[in-house]
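In the UniProt record's numbering, the protein residues as written are 1 to 123. Cβ coordinates follow ideal geometry from the N, Cα and C atoms, glycine included. Report on the following structure.
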């Protein structure tokens, strides 16, 4: 069953946000290698179990908000299913080179979410 695999946290000030979430939730941040100013976020449950991972980078546009990504076997297939069920594909399948593919969608209640397909060969 597909589940939330990742959340994306857009911010205006990376250092300020890192301090806020570290102090509030004790989240751990690790810079992604390369030129992109993006950080992986490590979370834990109250029992100390590994939690859902996330990522944080600069906000791309004023309306960009936290997005949950659901891992699926095929972004393309799930985009078709979204539309068939009355949802909207806002951003069709696009590669994240070396990581996988993603798409942005809206459900029938106007909630946005992302689809994520792991594929290290994505280019």
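query = On the premise that residue 55 lies in contact with residue 41, defined as a C-beta separation below 8 Å, what is that separation, rounded to the nearest angstrom?
reply = In the chain shown, the residue the question calls residue 41 occupies position 41. In the chain shown, the residue the question calls residue 55 occupies position 55. Residue 41 to residue 55, Cβ: 6 Å. Contact.
request  = Please classify residue 44: is it buried, with 16 or more other beta-carbons within 10 angstroms of its beta-carbon, or exposed?
outcome  = Taking the first residue of the chain shown as 1, we reach residue 44 at position 44. By the C-beta density criterion, residue 44 is exposed, having fewer than 16 other C-beta atoms within 10 angstroms.
task = Go to residue 84, then tell me how far its beta strand (DSSP E) extends in each direction, as first and last residue.
result = Taking the chain shown and counting its residues from 1, the one referred to as residue 84 is at position 84. Residue 84 -> not in any beta strand (DSSP E); alpha helix (DSSP H) instead, spanning 75-84.
ask   = Would you call the CB atoms of residue 92 and residue 103 closer than 8 Å?
value = Taking the chain shown and counting its residues from 1, one reaches residue 92 at position 92. Taking the chain shown and counting its residues from 1, one reaches residue 103 at position 103. One thing to note: residue 92 has its Cβ within 8 Å of the Cβ of residue 103.
Nearest-angstrom Cα separation, counted from residue 14 out to residue 89 = To locate residue 89, count along the chain shown from 1; it is residue 89. To locate residue 14, count along the chain shown from 1; it is residue 14. Cα-Cα distance, rounded: 29 Å.
request  = To the nearest angstrom, report how far apart residue 83 and residue 105 are at their CA atoms.
outcome  = Here residue 83 refers to the residue found at position 83 when the chain shown is read from its first residue. Here residue 105 refers to the residue found at position 105 when the chain shown is read from its first residue. Roughly 9 Å separates the two Cα atoms.
message = Please give me, in chain order, every unbroken run of the alpha helix (DSSP H) with length at least 4 that falls completely inside the UniProt domain "VOC" (3-118).
response = Segments of the alpha helix (DSSP H) lying fully in the UniProt domain "VOC" (3-118): 14-25, 75-84.
request  = Count the other C-beta atoms from every protein chain shown that fall within 10 angstroms of the C-beta of residue 8, then say buried if there are 16 or more, exposed otherwise.
outcome  = If you number the chain shown from 1, residue 8 lands on position 8. By the 16-neighbour rule on beta-carbons within 10 angstroms, residue 8 is buried.
ask   = Candidates 17, 38, 65, 12: which alpha carbon is nearest residue 112's?
value = Walking along the chain shown from the start, residue 112 turns up at place 112. Nearest C-alpha to residue 112 among 17, 38, 65, 12: 65.
request  = Mark residue 75 as exposed unless 16 or more other C-beta atoms lie within 10 angstroms of its C-beta, in which case mark it buried.
outcome  = Along the chain shown, one-based indexing puts residue 75 at 75. Counting every other CB atom within 10 Å of its CB across the protein chains shown gives residue 75 a total of 16 or more, marking it as buried.
task = Give me the Cβ distance between residue 70 and residue 24, rounded to the nearest whole Å; I'm assuming they're in contact under 8 Å.
result = Within the chain shown, the letter at position 70 stands for residue 70. Within the chain shown, the letter at position 24 stands for residue 24. Actually they are not in contact, since the Cβ atoms of residue 70 and residue 24 sit about 25 Å apart, beyond 8 Å.
key: Rounded C-alpha distance that separates residue 19 from residue 27   = Mapped onto the chain shown, residue 19 falls at position 19. Mapped onto the chain shown, residue 27 falls at position 27. Straight-line Cα distance between these residues: approximately 9 Å.
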